[in-house]
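Notes for the one structure printed next.
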Amino acid sequence: MPKRRTDRVLEGLDAAIHESFGALANEIRPHMERAFRARAKEQAAALGMRVDPERLDQLASGYSELRAKELEKQLRDNTPHLLEPIIETALAEHWDDARLESEIADSRAFGLSRAITIDRTETTISRQAASEAVGQAAEADEKSWTINFDDACELCQENAAASWIEASGDFPNEMHTGCRCDVIYRMSADEDERKGEEETGEGDEAEA
Ligand SMILES: [Zn+2]
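Anchor point for the sequence shown: position 16 equals 11 in my numbering, and the numbering is continuous, going up by one each time.
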């Protein structure tokens, strides 16, 4: 029963996994908070909405606290399956504990590149959450997927091609790991007004 032995080893590792990703989530939390605050400011400005800085700090801090906890749980749940192949090899080849420990420490699950990807993804999730929070508060009724880098993947290009969709709607694809795109909100009424002014050539001056 190799599977059951693997599970036993994994159970033994749970405390270490918990500790390691608790620490990572704590390290990432300030990045979440900063990204949320910055994006909320941008989105509020775009919607012509005033935000009390103290309230914004509370929102960003509350968001990052909850999200860091979710992230820790998510990583604790997702990491064991990344370690299974190593443990199965260890059991099959009768590695000693020191070898197993060092192979796990060197594995992709605990690697720097995974940590960087998680950090980047969480920054994007935080920005998108901030857009949504402000968009909802302002009762903005439309949103669009905005690509921030030239090398956006096909999934994100498809989302961007959907242009403005209903604020409560879904883009063709969900956000993926490592994504750097923003979601921006607007009021369709504001946009109609702007277009109307362009078409008739009537700006603020003409109305005044
Ligand atoms: Zn993207």
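All C-beta atoms, glycine included, are put in the ideal place defined by N, C-alpha and C.
Checklist entry - Say the cut is 7 Å; is the CB of arginine 122 nearer than that to a heavy atom of ligand 1? => result no
Checklist entry - Leaving out the 5 sequence neighbours to the left and right, which residues in its chain are closer than 8 Å to threonine 1 when beta-carbon positions are compared? => result Glu79, Ile82, Glu83 and Leu86
Checklist entry - What residues are listed by DSSP as bridge partners for lysine 138? => result Ile160 and Tyr180
Checklist entry - Listed by chain order, which residues have C-beta atoms less than 6 Å from any heavy atom of ligand 1? => result Ala147, Cys151, Cys174, Arg175 and Cys176
Checklist entry - Would you call lysine 190 buried or exposed, if buried means 16 or more other Cβ atoms sit within 10 Å of its Cβ? => result exposed
Checklist entry - Can you tell me whether DSSP reads valine 4 as helix, strand or coil? => result helix
Next on the checklist: List, from N- to C-terminal side, the beta strand (DSSP E) runs of 3 residues or more that fit wholly inside the region 23 to 55.
Outcome noted: none
Next on the checklist: Quick check: what's the CA-CA separation for isoleucine 99 versus phenylalanine 105?
Outcome noted: 7 Å
Item to check | DSSP state of aspartate 146 mapped onto helix, strand, coil | outcome: coil
Item to check | Counted within 10 angstroms of its Cβ, other Cβ atoms place arginine 32 as buried (16 or more) or exposed | outcome: buried
Checklist entry - Nearest-angstrom Cα distance between alanine 124 and glutamate 188? => result 28 Å
Checklist entry - For threonine 74, is the classification buried or exposed, using 16 other Cβ atoms within 10 angstroms of its Cβ as the cut-off for buried? => result buried
Checklist entry - Less than 8 Å separating the beta-carbons of serine 102 and leucine 77? => result yes
Checklist entry - DSSP state of aspartate 187, grouped into three classes? => result helix
Checklist entry - Can we say the region 15 to 24 touches the region 49 to 67, given the rule of at least three CB pairs closer than 8 Å? => result yes
Checklist entry - Is it buried or exposed for leucine 107, if we count other Cβ within 10 angstroms and need 16 for buried? => result exposed
Item to check | Inter-residue Cα distance where the pair is isoleucine 179 and glutamate 88 | outcome: 53 Å
Checklist entry - Which whole-angstrom value describes the C-beta separation of arginine 122 and arginine 29, a residue pair presumed to lie in contact below a C-beta threshold of 8 Å? => result Not confirmed; about 10 Å, so no contact.
Checklist entry - Which residue from Met182, Asp72 and Ser56 puts its Cα closest to that of glycine 138? => result Reading off the sequence, residue 138 comes out as lysine, not glycine. Lysine 138 has its Cα closest to that of Met182, out of Met182, Asp72 and Ser56.
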